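Going by the working numbering, 256 is the number at position 253 of the sequence shown; the sequence numbering is gapless.
Worksheet: one structure, shown below.
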Amino acid sequence: MKKLVLFSLLPLMVVASEIEYKGNFGFETKYFHHDMPNKRDNAFALQLEAEFKKEFGDGEVVVRLKSFFDKDDENRRYFDFNDLYYKYNFENSDILIGRSTRFWGALEFYNLSDVFNTKDFLDNPFDYESKLGAWNVAYTRYLENSEVSLIIKLYEDRQPMQDIKSVNNFFPFPYNDKLKRQKGKDRPSVFLTYSGSLDEVQMDYGGVYQNGYDSSRYMSLEGGTFFQNAYIVNKFIGYATYIHGDTIYKTELVYAFSDDKEIGDYGEFGLGVEYTLYSFWDAKDLGFLSEYYYNDSKKDAKKLGKFFGNDLTFGFRLSMNDQASSEVLGGLSIDLDNKEKIFFVKYDTRVLEKYKLGLSYQRLDPVSDSSFKELDELKLEFGYYF
């Protein structure tokens, strides 16, 4: 179906000239150190990401595709469109129809407010920007220093998982991605969003009201197989960033009402501070980050597919400000309830302008009864950007 939709758009894009495009093609290779039986200790995959954009008068077509080929995991061999939409621009507004991804929130490492798209578990489960596109219709009105949107999300996507031999498949039982929905698959979700800025005090802010399926889902075990359950919420969300000198203050607040007996009402909040030493060593900048996340739901946050329930994260960002845009980002997250830890560090740079190199290390240090197992992951990424 997705390929058919794309092919129906291609004649329009080919006939028209001046198609904008960008993307990258490359590979990732990983090595894992663990004691989990029947799990792989390495992985290699090819990946392609590309974006095409073409304007037609006051409208435009945008196509963003993602393709993956894992040499060992058949579940990670796919070709998909995270964005595939048409947007028509009026004088002070626009309307979007199709599949798209959105990013909401203020915090650096984990956004409680980012509730529109479903997380892509076929990718790195700790990469919170890796999402599945959502089919929707959206109208956005642009004001002087703000904007308001009405979005109708038409469909809830299933959430495929890496195969059972992958170390990123944490389920102790087989998993079926058939989604069980509280109100049926044709029940849409409605979002009303507002965001803006106050230039005189250097503040950005946003708010979201949601009525529909929650981005979080809980698991149920039936016949020895795990299934996901999607439930309806009325959710209120707010987020803001405030800059004062060399310091950025961040917050995200969430409260959800649910009549699902397994979930009930719940709240979440996150607080963050980022302080940067500009030109601390020649032209290099060094930033220090600290964030706290809290979730008071009846179910443990990890059982809802979330990694943070009562967690404190410390991190740093070293920006080289060189021609290669080199950067080092690292951090340590500690679960304050059971002292479970996640440590990560990543280095990104460009090589010969058109190539990008990434090196990262991640360690999970769980407690004995955790759904996670002790794991060290070393990853190398290399790609050509066009």
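Cβ coordinates follow ideal geometry from the N, Cα and C atoms, glycine included.
On a predicted model such as this, the values are computed, not experimentally measured, just so you know.
Rounded Cβ spacing between residue i and residue j (contact assumed at less than 8 Å)
{"i": "residue 124", "j": "residue 156", "result": "Not really, about 19 Å apart at Cβ, beyond 8 Å."}
{"i": "residue 143", "j": "residue 198", "result": "With a Cβ gap of about 10 Å, residue 143 and residue 198 do not count as contacting."}
{"i": "residue 273", "j": "residue 110", "result": "5 Å"}
{"i": "residue 390", "j": "residue 104", "result": "Coverage of the chain is limited to positions 4 through 389, which leaves residue 390 absent and any answer about it impossible."}
{"i": "residue 296", "j": "residue 115", "result": "7 Å"}
{"i": "residue 280", "j": "residue 32", "result": "Actually they are not in contact, since the Cβ atoms of residue 280 and residue 32 sit about 34 Å apart, beyond 8 Å."}
{"i": "residue 287", "j": "residue 323", "result": "6 Å"}
{"i": "residue 244", "j": "residue 278", "result": "Between residue 278 and residue 244 the Cβ distance is about 14 Å, and since that is not below 8 Å, they are no contact."}
{"i": "residue 88", "j": "residue 61", "result": "So it is not a contact: roughly 15 Å between Cβ atoms."}
{"i": "residue 367", "j": "residue 337", "result": "Rounded, the Cβ-Cβ distance is 12 Å, inconsistent with contact."}
{"i": "residue 108", "j": "residue 271", "result": "Actually they are not in contact, since the Cβ atoms of residue 108 and residue 271 sit about 11 Å apart, beyond 8 Å."}
Beta-carbon gap between residue i and residue j smaller than 8 Å
{"i": "residue 170", "j": "residue 302", "result": "no"}
{"i": "residue 118", "j": "residue 218", "result": "yes"}
{"i": "residue 348", "j": "residue 331", "result": "yes"}
{"i": "residue 397", "j": "residue 113", "result": "With the chain covering only 4 through 389, there is no way to say anything about residue 397."}
{"i": "residue 374", "j": "residue 173", "result": "yes"}
{"i": "residue 165", "j": "residue 80", "result": "no"}
{"i": "residue 298", "j": "residue 339", "result": "no"}
{"i": "residue 184", "j": "residue 225", "result": "no"}
{"i": "residue 385", "j": "residue 30", "result": "yes"}
{"i": "residue 106", "j": "residue 378", "result": "no"}
{"i": "residue 362", "j": "residue 319", "result": "no"}
{"i": "residue 216", "j": "residue 266", "result": "no"}
{"i": "residue 192", "j": "residue 213", "result": "yes"}
{"i": "residue 135", "j": "residue 120", "result": "yes"}
{"i": "residue 371", "j": "residue 352", "result": "no"}
{"i": "residue 137", "j": "residue 190", "result": "no"}
Close-in-space but distant-in-sequence residues of the same chain around residue i (CB under 6 Å, 5 per side omitted)
{"i": "residue 83", "result": "69"}
{"i": "residue 25", "result": "54"}
{"i": "residue 365", "result": "347 and 380"}
{"i": "residue 209", "result": "198 and 242"}
{"i": "residue 196", "result": "152 and 211"}
{"i": "residue 335", "result": "317 and 346"}
{"i": "residue 154", "result": "139, 141 and 194"}
{"i": "residue 415", "result": "The requested residue 415 is not part of the displayed model; the chain covers only 4 to 389."}
{"i": "residue 44", "result": "35"}
{"i": "residue 275", "result": "110, 253 and 294"}
{"i": "residue 321", "result": "289 and 331"}
{"i": "residue 327", "result": "352 and 353"}
{"i": "residue 223", "result": "230 and 232"}
{"i": "residue 350", "result": "331 and 362"}
Chain-order list of residues whose beta-carbon lies under 7 Å from that of residue i (same chain, five-residue window excluded)
{"i": "residue 16", "result": "Because the pLDDT of residue 16 is 48, which lies under 50, any placement of that residue in the model is unreliable, and the question is left without a value."}
{"i": "residue 39", "result": "170 and 376"}
{"i": "residue 369", "result": "343, 375, 376 and 377"}
{"i": "residue 246", "result": "205"}
{"i": "residue 145", "result": "95 and 96"}
{"i": "residue 387", "result": "27, 28, 29, 357 and 358"}
{"i": "residue 283", "result": "289"}
Own chain residues within Cβ distance below 8 Å of residue i, not counting five before or after
{"i": "residue 200", "result": "148, 149, 206, 207 and 208"}
{"i": "residue 133", "result": "122, 123, 126 and 127"}
{"i": "residue 268", "result": "258, 259, 260 and 261"}
{"i": "residue 77", "result": "166"}
{"i": "residue 220", "result": "162, 182, 231, 232, 233, 234, 307 and 308"}
{"i": "residue 325", "result": "286"}
{"i": "residue 187", "result": "none"}
{"i": "residue 131", "result": "112, 113, 114, 117 and 122"}
{"i": "residue 37", "result": "44, 170, 376, 377, 378 and 379"}
Exercise. Along the chain, which unbroken stretches of the beta strand (DSSP E) at least 3 residues long are found entirely within the region 310 to 374?
Worked result: As far as the region 310 to 374 is concerned, its whole beta strand (DSSP E) runs of at least 3 residues are 313 to 322, 330 to 338, 344 to 354 and 358 to 368.
Exercise. Is it a yes or a no for the region 60 to 78 touching the region 35 to 51, going by three-plus beta-carbon pairs under 8 Å?
Worked result: Cβ pair count under 8 Å is three or more, so yes.
Problem set entry | Ordered list of beta strand (DSSP E) runs contained in the region 101 to 188, each at least 3 residues | Listed in chain order, they are 137 to 145, 149 to 156 and 178 to 184.
Exercise. Would you call the region 256 to 263 and the region 226 to 241 touching, i.e. three or more CB-CB distances under 8 Å?
Worked result: The region 226 to 241 and the region 256 to 263 touch, with three or more beta-carbon pairs separated by less than 8 Å.
Exercise. Do the region 172 to 186 and the region 203 to 213 touch if we need at least three Cβ pairs shorter than 8 Å?
Worked result: Cβ pair count under 8 Å is below three, so no.
For this session: Specify whether the region 340 to 347 and the region 355 to 362 touch according to this definition: at least 3 beta carbon pairs, one from each stretch, less than 8 Å apart.
Result: Between the region 340 to 347 and the region 355 to 362 there are fewer than three inter-stretch CB-CB distances shorter than 8 Å, so the stretches are not counted as touching.
Problem set entry | Entirely enclosed beta strand (DSSP E) segments - the region 271 to 306, minimum 3 residues | As far as the region 271 to 306 is concerned, its whole beta strand (DSSP E) runs of at least 3 residues are 287 to 298.
For this session: Taking only runs that begin and end inside the region 231 to 277, name each unbroken alpha helix (DSSP H) of 4 or more residues, in chain order.
Result: Counting whole runs of 4 or more residues, the region 231 to 277 contains no alpha helix (DSSP H) stretch at all.
Problem set entry | Those runs of the beta strand (DSSP E) which lie wholly inside the region 29 to 92 and span at least 3 residues | For the region 29 to 92, whole beta strand (DSSP E) runs of length 3 or above, ordered along the chain, are 45 to 59, 62 to 73 and 80 to 92.
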